[in-house]
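Just remember that this note's numbering sits 14 ahead of the position in the sequence shown, which is counted from 1.
We put the CB at the ideal spot given by N, CA and C, even for glycine.
As the structure is a prediction and not an experimental result, all values here were calculated from the model.
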Amino acid sequence: MLITTATFDRVVRAGFGMKSSMIGAISKTPTYIDPEPGGAFTLFGGYVTGRNLEMVRETRLVQAWRAGSWEPGWFSIAKFVLVRHGSGTKVVFDHTGFPNEAAPHLASGWYEHYWHPLQKVLTT
Numbered sequence: 015m016l017i018t019t020a021t022f023d024r025v026v027r028a029g030f031g032m033k034s035s036m037i038g039a040i041s042k043t044p045t046y047i048d049p050e051p052g053g054a055f056t057l058f059g060g061y062v063t064g065r066n067l068e069m070v071r072e073t074r075l076v077q078a079w080r081a082g083s084w085e086p087g088w089f090s091i092a093k094f095v096l097v098r099h100g101s102g103t104k105v106v107f108d109h110t111g112f113p114n115e116a117a118p119h120l121a122s123g124w125y126e127h128y129w130h131p132l133q134k135v136l137t138t
């Protein structure tokens, strides 16, 4: 779900729901994910951009990740590790290297725009 353009676009749209201020932005700059190591991605109407640094099928995704409000050239590292958990899969997530002042916004944003919409898309 994290590396397929069409599928992750469903997550983006589920996260924004009917927030009209964002619908226009995500329509002008649609979700794009190059699913190869080194491939670029553009998410959330172009607000989040980056590159896939490491991709191990069904195990790990590591991305250089940045928000549009950060200083030019500032990238953080977002790491998603998939771990078997009973009959399902658990995502172990680590995000480092972001500007300190971005921490509160990121903490709530990951839930609002990633985790809750992912859950919504996966259960429908």
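Minimum C-alpha distance to residue i - residue among the options
i: ILE47; options: GLY59, LEU75, THR18, SER83; result: THR18
i: ASN114; options: PHE89, LEU132, PHE107, GLU72; result: PHE89
i: TRP14; options: LEU96, THR73, GLU72, ASN66; result: Outside the modelled stretch of the chain, which goes from 15 to 138, sits residue 14, for which no answer is possible.
Proximity below 9 Å, CB of residue i to CB of residue j
i: ASP23; j: PRO44; result: yes
i: GLY87; j: PHE58; result: no
i: ALA92; j: PHE107; result: yes
i: TRP129; j: PHE112; result: no
i: MET15; j: VAL26; result: no
i: ALA81; j: VAL105; result: no
Residue span of the alpha helix (DSSP H) that contains residue i, given as start and end
i: GLY64; result: Segment 62–70 is the beta strand (DSSP E) holding GLY64; no alpha helix (DSSP H) there.
i: GLY102; result: Here GLY102 belongs to no alpha helix (DSSP H); instead the beta strand (DSSP E) covers 102–110.
i: TRP79; result: That residue, TRP79, is in no alpha helix (DSSP H); its beta strand (DSSP E) goes 74–81.
i: VAL127; result: Note that residue 127 corresponds to His in the displayed sequence, not to Val. Per DSSP, HIS127 belongs to no alpha helix (DSSP H) and is neither H nor E.
Unbroken beta strand (DSSP E) run spanning residue i, endpoints
i: ALA54; result: 54–57
i: ILE91; result: 90–99
Contact belief for residue i with residue j at Cβ below 8 Å, rounded distance in angstroms
i: LEU96; j: GLU68; result: Their Cβ separation, rounded to whole angstroms, is 13 Å, which puts LEU96 and GLU68 out of contact at 8 Å.
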